[in-house]
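Colleague: Quick one: the structure is below, and I'll ask about it shortly.
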């Protein structure tokens with residue numbers, strides 16, 4: 038059974054991420070943890086009781102689908118969003134975390150977008166799916182997975198991607214962005230090992246030329262291939278992905294992409 042964390046600030050964008058997660062895992066046995074962090078600020082309004090009522094109303098509506106494979110659990114905690122997410126990921130042994138990339142525009146509230154950036158930067162033990170607020174969700178016929186082949190993948194690192202691809206028989210397109218140098222022997226070995234690790238999935242390997250930036254290249258590639266329904270990146274130290282976690286590139290990837 039998959040355990041999926043769904044933080045919500047009760048915005049439409051957060052609800053869209055919740056609905057997408059339920060849609061994506063429609064055929065799987067899952068427990069969905071809906072989490073609201075009630076962070077007290079001097080100018081804030083409402084209380085935990087109100088938040089619990091809102092959360093239960095969402096859960097009641099979700100249960101109307103009557104999917105026997107799905108269970109829902111509501112959680113309201115007095116904490117920052119990041120603190121609550123970190124604690125829940127650890128305590129509940131979460132398999133996937135779904136978040137909207139934007140949230141309420143109210144100044145008094147923590148923007149879900151900024152929280153998503155913080156989560157990407159600081160949560161290292163759970164796969165994160167950042168869902169664009171305006172995303173009209175569909176099944177991911179293809180998943181674009183970017184790699185420079187400078188990392189020897191561990192099975193545990195690839196398992197979340199493999200499981201996602203198997204949900205709807207998606208094709209994993211592994212893209213290597215050519216930076217003007219030929220791959221060395223270490224990269225070639227890692228590519229061969231990655232191909233072997235993905236053997237239970239449908240997969241392809243692509244070589245593309247770098248444009249203005251790695252982020253721009255990935256965004257452009259997704260636009261060229263309309264069947265790509267998800268963009269996958271591995272966060273690790275000392276890799277090209279670090280550039281994606283700094284401004285302004287993070288905005289291009291986390292906020293400008295049209296797919297999760």
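Residue numbers (the numbering used here): 38 to 297.
Idealized CB from N, CA, C, for every residue including glycine.
1) Determine the burial state of residue 285: buried for a count of at least 16 other Cβ atoms within 10 Å of its Cβ, exposed for fewer.
2) Using the beta-carbon count (16 or more within 10 Å), is residue 266 buried or exposed?
3) Classify residue 81: buried if its beta carbon has 16 or more other beta carbons within 10 angstroms, exposed otherwise.
4) Using only alpha-carbon positions, find the residue among 134, 100, 226, 157 that is nearest to residue 58.
5) Would you please state the rounded distance, in angstroms, between the beta carbons of residue 111 and residue 99? I believe it to be under 8 Å.
6) Rank 252, 181, 41, 156 by C-alpha distance to the C-alpha of residue 117 and give the top, closest one.
7) Count the CB pairs spanning the segment 186–199 and the segment 252–259 that are closer than 8 Å, and state whether there are at least three.
8) Would you check whether the ligand FMN has a heavy atom nearer than 6 Å to the C-beta of residue 221?
9) Tell me, to the nearest whole angstrom, how far the beta carbon of residue 125 is from that of residue 72; I am working on the premise that it is less than 8 Å.
10) Kindly identify the DSSP beta-bridge partner or partners of residue 60.
11) Where does residue 160 sit, in a helix, a strand or coil, going by DSSP?
12) In whole angstroms, what separates the C-alpha of residue 39 from that of residue 104?
13) Taking only runs of the beta strand (DSSP E) that begin and end inside the segment 60–134, which ones reach a length of at least 3 residues, in chain order?
14) Relative to the C-alpha of residue 174, which candidate in 47, 62, 96 has its C-alpha closest?
15) Since residue 41 and residue 69 should fall inside the 8 Å C-beta cutoff, what is the C-beta to C-beta distance between them, to a whole number of angstroms?
16) Assign residue 213 to one of three DSSP states: helix, strand, or coil.
17) Quick one, which of 65, 131, 89 has its alpha-carbon nearest residue 75's?
18) So, are the CB atoms of residue 15 and residue 122 less than 7 Å apart?
19) From 48, 85, 245, pick the residue whose C-alpha is nearest to that of residue 216; which is it?
20) Thinking C-alpha only, which one of 209, 199, 129, 119 is nearest residue 136?
21) Just verifying my parser: in three-state terms, what is the DSSP assignment at residue 268?
Modeller: If we stick to the structure as given:
1) Caution is warranted here: a pLDDT of 44 is assigned to residue 285, below 50, making its placement in the model unreliable, and no coordinate value can be reported.
2) buried
3) Reliability of the predicted coordinates at residue 81 is poor, the pLDDT of 49 falling under 50, and the value obtained from them is presented with this limitation in mind. Exposed, since its Cβ has fewer than 16 Cβ neighbours within 10 Å.
4) 134
5) At roughly 10 Å, the Cβ-Cβ gap does not stay under 8 Å, so residue 111 and residue 99 are not in contact.
6) 156
7) no
8) In the structure shown, the ligand FMN is absent, as is every other ligand, since no ligand is present at all.
9) 6 Å
10) Paired residue(s): none; residue 60 is not in a bridge.
11) coil
12) 15 Å
13) 67–74, 107–114
14) 62
15) 5 Å
16) strand
17) 89
18) As displayed, the chain neither begins before 38 nor continues past 297, which places residue 15 out of reach and without an answer.
19) 245
20) 119
21) strand
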